[in-house]
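Numbering (the UniProt record's numbering), first residue to last: 1 to 491. For each residue, glycine too, the CB sits at the ideal point set by N, CA and C. If you're wondering where the values come from, they're calculated on a predicted model, not measured in any experiment.
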């Protein structure tokens, strides 16, 4: 049996039919050379779809399958002149229905897909080359922006986010809030007997600070400060030496040898000891047996106004006891029959006031300063008036429960009632630092003091020598003038 003959296809008629079909599918506008070389902004895939707009049948389908199975190398679009030679440069899904390779997308289509969320409408470019260059520029710009964002350091981004969060809101942030929970405020019982610092207005506290600095700059107050804060230890040591040399039976009669009561106190320990001593003396007078014959003519000098730089103290625990101590002092004073001038005032100075106060007092540190009742009455009244004008009675700390307890204890008629006893001074331990070799540090300080003393003596001797030289020159000038006068009279 003879094998079946293969079907023969007339290539000439098939090519003519394909060219006729192509002419029917082209638009009436013939300004372009080929359907693929047109200047429209459509993509290559859309050009293929326009070419095959009428679906091929019969000979056209056979021609398409023949061209797809041909072994010719693909022809580039730029090298193709026109006609069906351009089919060699593409792998269309219509020309290769059995191929699993997808059609590669152009740059325009990729950019359109990327910008779907940003813009809903894009204008096509005038030429294929212009659109390709624009797409390349857009891709390079996007990649460069991504690279700059990726190259920025994490610390800078964290700082920017922190600054934005800090500037957006000033509300307090509660840290470590678990997920699904929110910060709330719940009532908690607090002690009604606690004594806190008085709340000072900022403007009023600054006014009082300037008034205090002006007061300390007075000449008579400067002399008092030099005596109380600068020379008291030297006076005590000299008096101790003089007392050892004096006879036992000899009694000093002049009051000049006795130390004057301090008018200004500086330092946490000295002011704490002074207020506790005042409380002890007042309690001793309250518990005397003959209450009717109690006399309070001679009050020892006690602290009247206590200025505290609580915002400049490095450790708040150093001055945390002062409000309760002043409150106890006022309670003891108000428990007496006639409280002197309203008690002790506690004034909290504004921030950054310790340096100004230390400079005015000519000391290194001045965290706490107190004016006593021995201070100049005029200056003390001026200071009290300024505090009363700016803060009112805020600085006078009082605890009514403590005053009631002291008054009931002193007025009790029970003979077996125990008197009010004062507890000894409590000592707190503060963690701080010191030099590893303390002896070497002390020796270095001594050497520095000697160097300063030697330099001061040198400057003093130089000044004295300059004064002597000036006096000698003045005497020489006077002698010359006298000689000139004598010669002139002789002539």
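Distance, residue j Cα to residue i Cα
i           : j           : result
residue 488 : residue 476 : 18 Å
residue 439 : residue 430 : 22 Å
residue 492 : residue 455 : A question about residue 492 goes unanswered here, because the residues of the chain that appear run from 1 up to 491.
residue 125 : residue 177 : Because the pLDDT at residue 125 is just 42, under 50, the model does not fix this residue reliably, and the point stays unresolved.
residue 271 : residue 265 : 6 Å
residue 401 : residue 218 : 41 Å
residue 262 : residue 226 : 11 Å
residue 323 : residue 197 : 6 Å
residue 482 : residue 474 : 12 Å
residue 115 : residue 182 : 40 Å
residue 301 : residue 470 : 50 Å
residue 490 : residue 484 : 10 Å
residue 328 : residue 451 : 48 Å
residue 334 : residue 411 : 14 Å
residue 310 : residue 461 : 44 Å
residue 479 : residue 468 : 17 Å
residue 194 : residue 441 : 43 Å
residue 249 : residue 375 : Residue placement at residue 249 is flagged as unreliable, the pLDDT there being 42, under the threshold of 50; a coordinate-derived value is accordingly withheld.
residue 446 : residue 267 : 24 Å
residue 282 : residue 184 : 48 Å
residue 434 : residue 386 : 41 Å
residue 202 : residue 408 : 39 Å
residue 465 : residue 458 : 10 Å
residue 314 : residue 186 : 32 Å
residue 354 : residue 381 : 23 Å
residue 147 : residue 109 : Confidence at residue 147 is low in this model, with a pLDDT of 49, below 50, so the placement of that residue should be treated as unreliable; the coordinate-derived value is given next. Cα-Cα distance, rounded: 23 Å.
residue 444 : residue 463 : 28 Å
residue 436 : residue 316 : 26 Å
residue 286 : residue 189 : 35 Å
residue 277 : residue 180 : 57 Å
Beta-carbon separation (whole angstroms), residue i vs residue j, contact threshold 8 Å
i           : j           : result
residue 275 : residue 326 : 7 Å
residue 397 : residue 346 : 6 Å
residue 306 : residue 344 : 6 Å
residue 216 : residue 360 : 4 Å
residue 221 : residue 379 : 7 Å
residue 493 : residue 384 : As shown, the chain starts at 1 and ends at 491. That puts residue 493 outside it, with no answer to give.
residue 331 : residue 406 : 6 Å
residue 204 : residue 403 : Their Cβ separation, rounded to whole angstroms, is 27 Å, which puts residue 204 and residue 403 out of contact at 8 Å.
Proximity to residue i [Cα-Cα], best of the options
i           : options               : result
residue 284 : 343, 336, 382 and 272 : 336
residue 312 : 461, 272, 365 and 371 : 365
residue 370 : 204, 112, 229 and 401 : 229
residue 349 : 463, 405 and 206      : 206
residue 211 : 192, 388, 226 and 362 : 388
residue 372 : 359, 360 and 260      : 260
residue 200 : 443, 395 and 320      : 395
residue 362 : 223, 404, 109 and 189 : 223
residue 424 : 434, 458, 273 and 437 : 273
residue 428 : 202, 321, 190 and 187 : 321
residue 399 : 188, 109, 192 and 112 : 192
residue 392 : 432, 377, 342 and 316 : 342
residue 269 : 437, 190 and 426      : 426
N-terminal and C-terminal residue of the beta strand (DSSP E) that residue i is part of
i           : result
residue 279 : Here residue 279 belongs to no beta strand (DSSP E); instead the alpha helix (DSSP H) covers 268-286.
Beta bridge counterpart(s) of residue i as assigned by DSSP
i           : result
residue 502 : Here the chain covers residues 1 to 491 and nothing more, so residue 502 does not appear.
residue 303 : 372
residue 477 : Answer is none; residue 477 lacks a bridge partner.
residue 265 : 370
Unbroken alpha helix (DSSP H) run spanning residue i, endpoints
i           : result
residue 354 : 354-361
residue 401 : 400-410
residue 328 : 322-335
residue 116 : Premise fails: residue 116 is in no alpha helix (DSSP H) and is neither H nor E.
residue 391 : 377-391
residue 228 : That residue, residue 228, is in no alpha helix (DSSP H); it is neither H nor E in DSSP.
residue 211 : 202-216
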